[in-house]
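>
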Amino acid sequence: MEQTVTYIPEVTADEFDPFAGPEILLVAPATEPQIEIWTSCLIGGNDANCAYNDSAAIVLTGAFDKAAMEKALQALSDRHEALRTVFSADGANIIVYNNPEINIDYHDLSGQDDEQNKLFIKNYNRQLAITPLDLTRGPLFKVAILKLNYDEHQVIMLMHHIVCDGWSVGIIMQDLSKLYSAFAQGEQPKLPPAPQFSQYAIEEIEASYGAEYKETEQYWLDQF
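Just so you know, we're using the working numbering here: the sequence shown kicks off at 7 and counts up by one.
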């Protein structure tokens, strides 16, 4: 009979202070790629950490509903665990916060000319690129709204690669578009439930205890 082993992460009290940040929703094991990135940041310091800063920008022209966008960004964070995740001190576990309020960095540049705006955006993006994100305290997802003119805005999102890869960014951008469109029209978004990263991580660990995984592992060990 094949035995099913459910992984229960071991987290000690000194790995993180549950009262230091937002309310914790759950703790789950970090995946192997996440542990590799965490280790790289630990060994390489700030330079290595900053190398994993991923950013994406949305340019919006025409009427802009700031309140709807802020609501959409909060809903986006609430929808995806990865955007409200930090790591235990040893990098072995992810800690998912329970829908914390996101801080949005807002800049009204509408009083400047185009050249000044371009310079501001260039310097702003450069600052994002060279600022390391704290993997244990977070946030690992940051947002800024830039008002360039009355009919031109930019939404800039910064995400650490340890919680959001290129494929995930595409999903996030699609979800944000749908959320904003719904809120701007005074409607409730109708999106299917999003797959949650913690469940994927747990399933990955459980699979590593399975017979198929052990057979594959042994096969490659025998080859070398």
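Idealized CB from N, CA, C, for every residue including glycine. Here the structure is a predicted model, which is why all the values come from computation and not from measurement.
Can you name, in chain order, every residue of its own chain whose Cβ lies under 6 Å from the Cβ of Leu89, other than the five neighbours on each side?
Ser83, Phe147
> If we ignore side chains and look at the alpha-carbon of each, how far apart do Val92 and His166 end up?
10 Å
> Per DSSP, what kind of secondary structure is Glu210 in: helix, strand or coil?
helix
> With distance defined between alpha-carbon atoms, name the residue in Ala63, Pro145, Tyr206, Asn59 nearest to Asn105.
Among Ala63, Pro145, Tyr206, Asn59, the Cα nearest to that of Asn105 belongs to Pro145.
> So, do the stretch 185 to 194 and the stretch 104 to 120 have three or more beta carbon pairs nearer to each other than 8 Å?
Too few Cβ pairs lie closer than 8 Å, so no.
> Is it buried or exposed, Ala78, if we count other Cβ atoms within 10 angstroms and call 16 or more buried?
buried
> Can you check DSSP and say which residues form a bridge with Tyr112?
Per DSSP, the beta-bridge partners of Tyr112 are Ile151.
> Whole-angstrom Cβ separation of Leu66 and His159, contact assumed at under 8 Å?
5 Å
> Determine the DSSP secondary structure at Phe93, reduced to helix, strand or coil.
Look at Phe93 here: in three-state DSSP terms it is strand.
> On the DSSP bridge assignment, give the partners of His167 in chain order.
DSSP, once it has assigned bridges, lists no residue as partnering His167.
> Please classify Gln133: is it buried, with 16 or more other beta-carbons within 10 angstroms of its beta-carbon, or exposed?
exposed
> For Asp181, which three-state DSSP category applies?
Looking at Asp181 - three-state DSSP - the assignment turns out to be helix.
> With DSSP collapsed to three states, give me the class of Asn55.
helix
> What residues are listed by DSSP as bridge partners for Glu158?
Within the DSSP bridge table, the entry for Glu158 names Thr67, Asn155 as partners.
> Drop a sphere of 10 angstroms on the beta-carbon of Trp173, count the other beta-carbons inside from all chains shown, and report buried for 16 or more, exposed for fewer.
exposed
> Is it a yes or a no for the stretch 56 to 71 touching the stretch 121 to 140, going by three-plus beta-carbon pairs under 8 Å?
yes
> Should Arg90 be listed as close to the ligand ZN, given that the test is whether its C-beta is under 7 Å from any heavy atom?
Within the structure as shown, the ligand ZN is missing, as the structure has no ligands at all.
> Are Ile151 and His86 touching if we call contact CB-CB under 8 Å?
no
> Under DSSP, the alpha helix (DSSP H) around Asn123 begins and ends at which residues?
120 to 136
> In angstroms with no decimal places, state the Cα-to-Cα distance between Asn155 and Ala74.
18 Å
> Out of Gln205, Asn123, Leu185, which has the shortest C-alpha to C-alpha gap to Pro198?
Leu185
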